[in-house]
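Asker: Keeping their order, the protein sequence lines are chains A and B.
Per numbering that gives the first Met the number 0, the first sequence starts with residue 0, numbered consecutively.
Per numbering that gives the first Met the number 0, the second sequence starts with residue 0, numbered consecutively.
Positions of the beta carbon are idealized from the N, C-alpha and C atoms, including for glycine.
My questions all concern the structure below.
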Amino acid sequence: MVEFLIGVFIFFMIIAAIIALETSDLLSAIISVGAIGVAASICFLLVGAPDIAITQMVVEVLSLVILIRATIRHDLTAINGDREFFGLTITIALLFAFFLFGFKAFASLAEFGVPAMSRFFDAPSNTYINSGFKETGASNIVTSIILDYRGFDTLGEVTVLFTAIWGALAIMRVYSRKKRKNRDKHE
Amino acid sequence: MIYTLCFLLFTIGLYGVTCKKNIVKIILGLLIMEYSINLFLILLGWRKNGIAPIIDQSMSHEVFVFQAVDPLPQALVLTSIVIGLGVLSLMVAISIRLYQRYGTFDITEMNKLKR
């Protein structure tokens, strides 16, 4: 049952992706991407990942706000037409070949519903599930991983996030510091 | 089958990145690729009839060990989703700057660097 529902949701996501890329209105494209994110969040709920579902929902809302800020005030939102014909044909042929290679590779994976930790008994996930509650005292194993076993990983994540936001602020700044000083002197 | 559908979604995102002229469409293609990869990693850890990896008081430890889904991809994808938000804001800032500089979102018009 869960497999069927997830298949339906991924099919919905594929349709929304095609609409998002092929429509000429940027606002409806962004809203279609929002539909993809919400469907992904429901999929996460179905496969037993409630933390990811909540995070995905919050991030989805924030990213829609950021994207709409990028497009809403600008007049020229619709750009029609693709790249030149020859290059486009070659690119689509290469993408098709890429998809066929990936199809072969994905056929060699284990079937859906059998995670790696049930095939290899010395996988780290088994340690986390067996002794996570005893060692860290957190009843949510995901929390015990991101804040205890792999705490440095989370520290690196915060560093990357801080750097990205810092870069965005530096790019969006209207006046540089030197120019502002000169302007103040003028006035 | 479900993994292949995820990969099809990834390929559609790659098509958007390589074949579109509008810079916002390219950003949307990158977002679609990110969603598909996150979903694929979470689906890799799913166990048939699995439950969320949260220990309940009423549940015995053995039942939990044999029913919980894999928590490791969930922890790593949580990191990846939040980083995706930061990278998206950086991309949007760059695209707004490009619009102010060139007056268009069309990447084939942005040719001042070439000359």
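At a CB-CB cut-off below 7 Å, which residues of chain A make contact with S94 (chain B)?
Answerer: Result: A69.
Asker: So with CB distances below 7 Å, who are the chain A contacts of L13 (chain B)?
Answerer: Neighbours of L13 (chain B) on chain A, chain order: L94.
Asker: Quickly, what does DSSP pair D105 (chain B) with across the bridge? List them, please.
Answerer: Answer is B:N21, bridged to D105 (chain B).
Asker: Does any residue of chain A bring its CB to less than 9 Å from the CB of N110 (chain B)?
Answerer: Cβ-Cβ to chain A under 9 Å: no for N110 (chain B).
Asker: What does the alpha-carbon distance come out to for the pair I82 (chain B) and S59 (chain B)?
Answerer: So the two alpha carbons sit approximately 36 Å from each other.
Asker: Taking Cβ positions, are I140 (chain A) and P70 (chain B) nearer each other than 9 Å?
Answerer: Contact: yes.
Asker: Strictly under 9 Å for the Cβ-Cβ distance: is V91 (chain B) near chain A by that measure?
Answerer: It does; some Cβ of chain A falls within 9 Å.
Asker: Among B:I11, B:D55, B:I26 and B:F6, which has the Cα closest to the Cα of T70 (chain A)?
Answerer: Nearest of B:I11, B:D55, B:I26 and B:F6 to T70 (chain A), Cα basis: B:I26.
Asker: Residues in the same chain with beta-carbon distance under 7 Å from F8 (chain A), minus the five sequence neighbours each way, listed in chain order, please.
Answerer: Around F8 (chain A): A38, I41 and C42.
Asker: Could you check what DSSP says for N139 (chain A) in three-state terms: helix, strand or coil?
Answerer: Strand at N139 (chain A).
Asker: Counting pairs of Cβ atoms below 8 Å between the segment 9-22 of chain B and the segment 86-99 of chain A, do you hit three or more?
Answerer: The answer is yes - the segment 86-99 of chain A touches the segment 9-22 of chain B, with three or more Cβ pairs under 8 Å.
Asker: Please compile the residues from chain B whose C-beta is within a distance smaller than 7 Å of the C-beta of D50 (chain A).
Answerer: Those are Q73 and L77, listed as they occur along chain B.
Asker: Looking at the structure shown, is A34 (chain A) part of a helix, part of a strand, or coil, going by DSSP?
Answerer: In the structure shown, A34 (chain A) sits in a helix (DSSP, three-state: H, G or I).
Asker: Can you list the alpha helix (DSSP H) stretches of 4 or more residues lying completely in the segment 41-74 of chain A, in chain order?
Answerer: Listed in chain order, the complete alpha helix (DSSP H) runs (minimum 4 residues) inside the segment 41-74 of chain A are 49-70.
Asker: So, with DSSP's three-state summary, where would you put I82 (chain B)?
Answerer: I82 (chain B) falls in the helix class under three-state DSSP.
Asker: Of the residues B:Y14, B:T3, B:Y98 and B:V86, which one's Cα is nearest the Cα of L61 (chain A)?
Answerer: Checked all of B:Y14, B:T3, B:Y98 and B:V86; the closest Cα to L61 (chain A) is B:V86.
Asker: Report the residues of the segment 10-30 of chain A with a CB closer than 8 Å to any CB of chain C, ordered along the chain.
Answerer: You won't find chain C in this structure, because its protein chains are A and B.
Asker: Count the other CB atoms, across all protein chains shown, that sit within 10 Å of the CB of H128 (chain A); report buried if there are 16 or more and exposed otherwise.
Answerer: Going by the sequence as given, residue 128 (chain A) is Ile instead of His. When all chains shown are included, I128 (chain A) counts as buried.
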